[in-house]
Each structure stands twice: as C-alpha cells, then as structure tokens.
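For reference, the structure is listed below as structure tokens.
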Amino acid sequence: MSRAWLIGAGPGDVELMTLKACRALGEADVVLVDDLVNPDVLQFARADAQVVYVGKRGGHPSTPQAGIVAMMLAHVQAGRSVARLKGGDPFVFGRGGEEQQALHEAGVEVEVINGITAGIAAPAAIGIPVTHRDHAQGVVFVTGHGAGSAEPDWQALVATRMTLVIYMGMRRLDDIAAALLAAGMSADTPCAAIESATRPEQRHALAPLRDFAGTVAHAGLGSPAIVVIGGVASLALPRTQRVDDLGREPQ
Ligand code: SAH
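Using our numbering, read the sequence shown as starting at 3 and increasing by one per residue.
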C-alpha cells in the first residue's frame, strides 16, 4: 500500500533528524524536498528514490503549494509512497498544516513525523534555553514575515513577558525592533539572531534591543535565521563550537 509522510528534517544538522524520519525516508519511492532541508539527509533515502526539489531558494522559482499537493496526490494514486521533507518541524510555520488539509480533502491520509524546530534548536546551538525559569514563563513562536493586517500584535506579545522567538523576521528586523520599543519593551532587552543554525556555516549576533537591528545588519546576517528576544538571550555562550556526537569538530 502506498503511504504519504510529512516529515520534519530538523534544523540542518543531519544527526538532529529523528529515527522515525530516517526510517520513513528510507521507505519512500518519491521524496519531495523543501528549501531549508539539508540535502545530506537524502543519504537516508533509497538509492532508487525519485527526488524532487520544490524549494524556491537559489534563484529557482518555487513550486506553488497547489502544485506540490497535486504532485503528492498523483504519486500516491499511482501506488507510490511519498515522503514530503520539510525543514525543522512540518507543523511549525512552513505550511505543513495546509498540505495535510489538502491531502485529507482529497482522501489521502498523511502521517506526520515531527522534527526539531529551528525556534528551539537555533537558540540552543548558542546556549540559549528558551524557557529558563529565571527569565521567562514561556516562549512564543511568532512569524516576523507578516505586514499590515498579518502583523503580530507586538504590544500584546510584549505584555506576556515571555521569550519571543521570531521566524522569518530578518527582512523586517528594523520594524520589529521599533514596534517592540514602541510597545514598551526595555531597550536593554537582550536579543540574539542565529543564522544557519546547526550547520557548519552557523553565525550569530547578540545585542540589546536598542542596537539589535544595526548590529545584525553590520554583521551581515541574513536568512534563514531565528531571532530570540528576552532575558534568556543573555545566557548565550560567548563562544560556541558545533561538535558532532562523535566528538569530532566539523570540517
Ligand atoms: N518548519 C520550520 C520553519 C519554516 S519557516 C521549522 O520548524 O524550523 C522558515 C524560517 O525558519 C526561516 O526564515 C528561519 O527563520 C527559520 N529557520 C529554519 N531553519 C533554520 C536554521 N537552520 N537556522 C536559523 N533559522 C532557521
């Protein structure tokens, strides 16, 4: 019987993918790969699997969402098992929920396999525990992408006093910092941006809110990056080195 999986590939480091994700990937006839997925995870796919890249980075046009769902449906209906690989966790931004709904409406049940989301992995990669109890009673995952009516209610978020973890926020960092200051957040609030977390090219910048957008711009950090705003960002380690679980330093 053909199957369909929605698989989280984790934040980048191949070893952060779950055993279940590796196993499902190894069963698939067809693998549809998103942008932020580290292509190295394809080592767990079958050698004869058909691999389709549907991302939009690197100057290639992205495959429209409806096209991806149609492709999955066509393969499943032809009796092939399909693994849809998404960066991080499939249900944290990245439109996995919409794909599940569309497939469900077309009568196809999709199995969801969680992944480690960048919003937790990226802070952790520089030593930031997003819910350290001395600093926060919780964490809010929020998109920085929206503008206008899709803009998060920054005022309400500041009032929660929780750690803010912002996805897709790099292009609007100036506006976001200004909105947080306008909403009454202290200009001294520690902030961090972590680019390409858990990958060899990982970089980060730290600064208080008042200087944050400028510091990030000066460091030349860009997407993909996670922004962490709140007291927990003060716990970032001064020097972090990524070491794989065999204790080797990355090449
Ligand atoms: N489903 C993904 C998020 C998709 S939205 C997850 O759970 O992680 C895409 C955003 O995720 C990027 O704009 C960036 O904010 C963040 N992101 C994904 N991978 C990242 C990484 N390795 N390092 C830093 N940010 C990352």
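Note that CB positions come from ideal geometry on N, CA and C, so glycine has one too.
Contacts around residue i, its chain only, beta-carbon distance under 7 Å, and the 5 residues preceding and following it disregarded
{"i": "residue 134", "result": "234, 237"}
{"i": "residue 209", "result": "193, 217"}
{"i": "residue 71", "result": "101, 104, 105"}
{"i": "residue 191", "result": "210, 211, 231, 232"}
{"i": "residue 51", "result": "30, 31, 32, 33"}
{"i": "residue 129", "result": "237, 238, 239, 242"}
Whole-angstrom C-beta distance between residue j and residue i, which should lie under 8 Å
{"i": "residue 49", "j": "residue 33", "result": "Their Cβ separation, rounded to whole angstroms, is 12 Å, which puts residue 49 and residue 33 out of contact at 8 Å."}
{"i": "residue 12", "j": "residue 118", "result": "5 Å"}
{"i": "residue 23", "j": "residue 10", "result": "6 Å"}
{"i": "residue 176", "j": "residue 215", "result": "5 Å"}
{"i": "residue 196", "j": "residue 108", "result": "Not really, about 38 Å apart at Cβ, beyond 8 Å."}
Enclosing beta strand (DSSP E) for residue i [first to last residue]
{"i": "residue 205", "result": "205-210"}
{"i": "residue 66", "result": "Unbroken run through residue 66: none, as it is neither H nor E."}
{"i": "residue 113", "result": "112-115"}
{"i": "residue 197", "result": "192-197"}
Short Cβ contact (8 Å threshold) for residue i with residue j
{"i": "residue 223", "j": "residue 207", "result": "yes"}
{"i": "residue 193", "j": "residue 231", "result": "yes"}
{"i": "residue 42", "j": "residue 16", "result": "yes"}
{"i": "residue 211", "j": "residue 179", "result": "yes"}
{"i": "residue 198", "j": "residue 240", "result": "no"}
{"i": "residue 201", "j": "residue 40", "result": "yes"}
{"i": "residue 54", "j": "residue 87", "result": "no"}
{"i": "residue 112", "j": "residue 7", "result": "yes"}
Spatial neighbours of residue i in its chain, beta-carbon cut-off 6 Å, leaving aside the 5 residues before and after
{"i": "residue 77", "result": "32, 84"}
{"i": "residue 125", "result": "132, 230"}
{"i": "residue 221", "result": "207"}
Residue i, enclosing alpha helix (DSSP H) - first and last residue
{"i": "residue 87", "result": "From DSSP, residue 87 is part of no alpha helix (DSSP H) but of the beta strand (DSSP E) over 84-88."}
- Query: Does the segment 133-148 come within contact of the segment 160-177, defined as at least 3 CB pairs closer than 8 Å?
  - Reply: Touching, per the Cβ criterion.
- Message: Three or more C-beta pairs under 8 Å: does that hold for the segment 108-124 against the segment 80-97?
- Response: Counting Cβ pairs under 8 Å, three or more are found: they touch.
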